[in-house]
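Take a look at the structure below.
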Amino acid sequence: MTGKIIDARGKRCPLPIIELAKALTSVEIGDSLTLLSDDPATSADLNAWARMTKNLVAPQGVHRYLVTRKN
Amino acid sequence: MVPVTAQFQAESALHPAARELLLEIFDQGWADPRKLHLESRRAAILLQEAKESIANDLGLSPAEIYFLGEISLGFHLAVAGLAHNEGRLIHSSIDRQEVLALASQFPHALHVGVNNSGEISLPRLARSDVLLWQSINAETGLLRPLHAELQEFSGSIFVDHTAYPMPAPELPSWTTALWDASSWSGPHGLSIFGLKSGTQSWRNPFPHLEQSVVPSGFSLPLAMASAVALSHWKKDEIAATSNASEMAQRIRDYVSVEIPHTDFLSADLPALRSILSLSFLYVDAERLQADLAAEGFAVDSGSACISANLEASHVLKGMGLLSQGNIRLRLHHRVTIAEIEAFLPVLKRLVEKQRE
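Protein sequence lines correspond, in order, to chains V and Z.
Heads up, the first sequence is in the numbering used here, so the first residue is 43 and it goes up one at a time.
Heads up, the second sequence is in the numbering used here, so the first residue is 172 and it goes up one at a time.
Put into structure tokens, the structure is as follows:
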């Protein structure tokens with residue numbers, strides 16, 4: 043269920059969130075993937091992204107986020 | 172045909188009346204207003220007139236106004252001058268970088284967060300506390316009226332008016348305030364430090380200048396031009412404000428329908444309508460800014476993707492707004508609805524190009 047990992051470390055905004063959104067289309071609704079990103083804008087922008095696209099984000103420690111597709 | 176405009180940037184051209192006055196004074200030369208000969212006396216009178224005019228426009232007494240050159244000096248005087256007080260130095264996460272940097276130097280600084288509406292959750296205030304308060308947030312246009320409980324507060328308040336020339340607050344305890352002449356289409360390099368008459372809690376942070384309140388190294392012509400620019404700006408701004416709210420509504424309506432995944436401050440929040448910040452999901456702000464410039468539209472941005480900035484706008488972050496793909500528009504009195512109408516489809520095309 044949390045198998046897929048998107049490794050966007052070393053990439054600057056908006057690339058990590060673009061890669062996440064692309065990858066999320068191949069995930070079933072209700073399933074999750076993990077995003078790795080060390081861009082300083084990612085943490086706050088992921089929350090805004092989740093609010094705007096109505097998906098779910100849960101931080102999982104440093105530079106690691108569990109993202110669940112909700113629609 | 173796309174009009175060539177640089178209208179949407181925060182820095183607008185000097186007001187024509189201020190420009191004219193400035194050229195006239197530079198042509199004539201000017202004297203040191205502190206000396207006694209005739210020319211100096213004349214300069215001193217002109218300076219006093221400038222002070223009175225600005226005081227009148229900003230709701231202060233002329234005795235409360237000090238002209239300054241560099242605005243960083245103003246932040247230092249206004250903030251560090253209050254930091255000797257024993258209470259906490261309370262400031263919020265969406266204050267200007269200068270204020271955050273200054274406050275962080277003091278061990279009794281208290282950094283408070285804001286919610287999505289930009290409201291700060293004030294702790295219970297004590298008489299010895301110092302509050303650093305921004306009247307308008309320059310990035311989002313958010314208006315930050317002083318809480319009702321501050322009417323009772325007897326500590327010290329620094330009010331940051333540098334984003335927009337609001338009049339001095341009608342509060343018993345405002346202590347210091349700062350304005351920036353470029354915010355009213357006056358010249359750059361001239362700021363105004365306000366120090367409330369009779370204040371006991373401010374101390375000059377420059378010990379060697381204790382007698383003079385502020386260093387006198389400002390330009391007399393710039394001070395005079397700022398006064399002229401302010402009184403003209405006030406007239407223009409009254410007309411601009413109603414236009415701006417119409418324009419801002421038009422832009423929000425357009426992007427809501429035509430450009431999905433755009434984030435902006437809720438229209439319900441109290442905000443200055445002439446500042447509009449838009450963030451586009453999956454968009455690189457630097458590229459968008461460059462593409463817009465190539466089409467003749469100059470805009471500002473608060474995104475981290477702008478190479479000179481290391482961090483995304485702390486304001487957008489602090490309020491939970493999207494920081495990527497951010498542009499800021501200033502809808503001042505010289506912006507026309509025709510320019511907005513020309514701008515919107517270009518914006519849509521450029522955002523779509525990046526999202527392909």
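Idealized CB from N, CA, C, for every residue including glycine.
Since the model is a prediction, treat every value here as computed from it, not as a measurement.
Secondary-structure assignment with DSSP links residue 365 (chain Z) through a beta bridge to Z:236, Z:348. For the region 66-83 of chain V, the set of residues with a beta-carbon nearer than 7 Å to any beta-carbon of chain Z comprises 82, 83, in chain order. Taking the beta carbon of residue 335 (chain Z) as reference, no residue of chain V falls within 9 Å; the closest one sits roughly 25 Å away.
Under the 10 Å beta carbon count, residue 243 (chain Z) is surrounded by fewer than 16 other beta carbons and is classified as exposed. In this structure, the CA atom of residue 376 (chain Z) is about 26 Å from the CA atom of residue 354 (chain Z). Under the three-state reduction of DSSP, residue 272 (chain Z) is assigned to helix. Between residue 185 (chain Z) and residue 356 (chain Z), the CB-CB gap stays under 8 Å. Taking the Cα of residue 250 (chain Z) as reference, the smallest distance to any Cα among Z:188, Z:237, Z:274, Z:287 is reached at Z:274.
Bounds of the alpha helix (DSSP H) holding residue 90 (chain V) are 84-95. Non-local beta-carbon contacts of residue 51 (chain V) in its own chain, meaning distances under 8 Å to residues more than five positions away in sequence, involve 78, 79, 80, 105 in chain order. Inter-segment contact for the region 332-344 of chain Z and the region 295-315 of chain Z is present: three or more beta-carbon pairs are separated by less than 8 Å. Of the candidates Z:308, Z:296, Z:247, Z:442, the residue whose Cα lies closest to the Cα of residue 326 (chain Z) is Z:296.
Excluding the 5 residues flanking it on each side, residue 255 (chain Z) has same chain C-beta neighbours closer than 7 Å at 374, in chain order. In the three-state reduction of the DSSP assignment, residue 265 (chain Z) falls in the coil class, being assigned neither a helical nor a strand state. Chain order gives no chain V residues near residue 470 (chain Z), where near means a beta carbon separation below 9 Å; the closest approach is about 17 Å. Neighbourhood of residue 92 (chain V) in chain Z, by CB distance below 9 Å: empty, with the nearest CB roughly 11 Å away. Counting every other CB atom within 10 Å of its CB across the protein chains shown gives residue 289 (chain Z) a total of 16 or more, marking it as buried. Shown here, residue 280 (chain Z) sits in a strand according to DSSP, grouped into three states. Within the region 485-510 of chain Z, contact with chain V at the beta-carbon level (separation under 9 Å) is assigned to 487, 488, 489, 491, 492, 493, 494, 495, 496. For residue 447 (chain Z), none of the residues of chain V pass the 9 Å Cβ criterion, the least Cβ distance being about 17 Å.
Measuring C-alpha to C-alpha distances from residue 458 (chain Z) to each of Z:397, Z:518, Z:234, Z:308 identifies Z:518 as the nearest.
Contact of residue 454 (chain Z) with chain V is assigned, a C-beta pair being separated by under 8 Å. Taking 8 Å as the upper bound on Cβ-Cβ separation, chain V lies near no residue of the region 276-297 of chain Z. Rounded to whole angstroms, the gap between the alpha carbons of residue 455 (chain Z) and residue 496 (chain Z) is 5 Å. Taking a Cβ-Cβ threshold of 8 Å, the residues of chain V close to residue 432 (chain Z) are 94, 95, in chain order.
In the three-state reduction of the DSSP assignment, residue 304 (chain Z) falls in the strand class, which pools E and B. Separation of the CB atoms of residue 489 (chain Z) and residue 90 (chain V) is rounded to 12 Å, and the pair is thereby denied contact status at 8 Å. Residue burial annotation: residue 409 (chain Z) is exposed, with fewer than 16 other C-beta atoms found within 10 angstroms of its C-beta. In the DSSP assignment, residue 100 (chain V) falls within the unbroken beta strand (DSSP E) covering 98-101. Against chain Z, a Cβ distance below 9 Å from residue 47 (chain V) picks out nothing, because the smallest value is about 20 Å. Only residues of its own chain outside the window of five on either side were considered, and among them 238, 239, 240 have a CB closer than 6 Å to the CB of residue 389 (chain Z), listed in chain order. Linking residue 523 (chain Z) to residue 470 (chain Z) through their CA atoms gives a straight-line distance of about 18 Å.
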